[in-house]
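Residue numbers (our numbering): 409 to 599.
Idealized CB from N, CA, C, for every residue including glycine.
One structure is given below, encoded as structure tokens.
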Amino acid sequence: MPTLKDTTLPHDKLQLDGAAFENPRERLDKRSLRELADSIDQHGLFKKLLVWQTTDPETGEELNLLIGGGRRWRAIGMLIDEGKANGLAKKVPVRIVKAKTVQAARVKALVDNLHTEEMSSYELAKSMQLLKDEGMQQKEIAKQVNKSATWVSRKLKAFNKTTEFVRRAWRSGKLPDDDVESLSKCEPAEQ
């Protein structure tokens, strides 16, 4: 098992690309990034960034390349620009990952991104329904998860206004979110 080291590094000493390494994520949704920044501001940073420490073969410069957590790094940058970083400008929690070559670093970046699976919409809706059952209002749920009240309302309606048959198909991934939301507008017999 590889030896990993947990530490902190200044935000401005971390970078996405360099020494022939490129961050694997190319698509970046600005609204999603804003939601992530707001979540970090509200709840803190839950997951460390993964860093490969290497030397640029052309310049000899020491590099701290992000191989996991590029979105979180960008979101922290937004908070720094807004004066809301709460110490993250100087101390970003990171995990140093050992890799002897660019290829090994690419493999680790790929594995980190590959195994970072988002919760399904069904799982999100069920979790939000549990919060609601415990007395939390929809507006507060929306505030806590940094989503619009409309988004929360749609997910909860899809969860609560569909039959068990539809929810099972949704939970298993056999029924797409859009279809579930459409079916939630129908009477149970029509579903």
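Leaving out five residues before and five after residue i in sequence, what residues of the same chain have Cβ atoms less than 6 Å from its Cβ?
i, result
"Trp460", "Leu473, Ile475, Val505, Ala507, Ala513"
"Asp414", "Arg503"
If I'm right that residue i touches residue j with Cβ under 8 Å, what's the distance once you round it to whole angstroms?
i, j, result
"Val588", "Thr571", "The Cβ separation is near 11 Å, so there is no contact."
"Ser528", "Gly581", "7 Å"
"Gln546", "Ser561", "6 Å"
"Leu458", "Gly485", "Incorrect: roughly 17 Å between the Cβ atoms, too far for contact."
"Lys563", "Ala533", "4 Å"
"Gln537", "Asn568", "7 Å"
Roughly how many angstroms lie between the CA atoms of residue i and residue j, to the nearest whole one?
i, j, result
"Asn494", "Asp449", "8 Å"
"Leu471", "Pro465", "10 Å"
"Ile549", "Asp586", "21 Å"
"Leu487", "Lys551", "18 Å"
"Leu539", "Thr558", "17 Å"
"Asp425", "Glu490", "24 Å"
"Thr467", "Val510", "16 Å"
"Leu583", "Pro418", "44 Å"
"His523", "Asn554", "24 Å"
"Arg439", "Lys455", "20 Å"
"Val519", "Ala597", "44 Å"
"Asn521", "Arg479", "11 Å"
"Cys594", "Val574", "12 Å"
"Lys492", "His451", "12 Å"
"Pro501", "Leu453", "8 Å"
"Asp437", "Arg576", "30 Å"
"Leu412", "Ser592", "47 Å"
"Lys565", "Trp578", "13 Å"
"Glu526", "Arg435", "16 Å"
"Leu496", "Tyr530", "33 Å"
"Ser590", "Val515", "40 Å"
In its own chain, which residues sit with a C-beta less than 8 Å from the C-beta of residue i, not counting the 5 before and 5 after it?
i, result
"Thr463", "Ala427, Glu469, Glu470, Leu471"
"Gly543", "none"
"Trp481", "His419, Leu422, Leu424, Leu457, Leu474, Val500"
Who are the near neighbours of residue i in its chain, counting only those whose CB is closer than 7 Å to its CB and skipping five residues on each side?
i, result
"Ser556", "Ala550"
"Ala483", "Leu441, Leu444, Ala445, Ile448"
"Thr416", "Lys499, Val500, Pro501, Val502"
Ignoring anything shorter than 4 residues or poking outside the segment 453-541, list the alpha helix (DSSP H) runs there in chain order.
The DSSP assignment places 478-489, 510-522, 529-541 as complete runs of the alpha helix (DSSP H) inside the segment 453-541, in order along the chain (cut-off: 4 residues).
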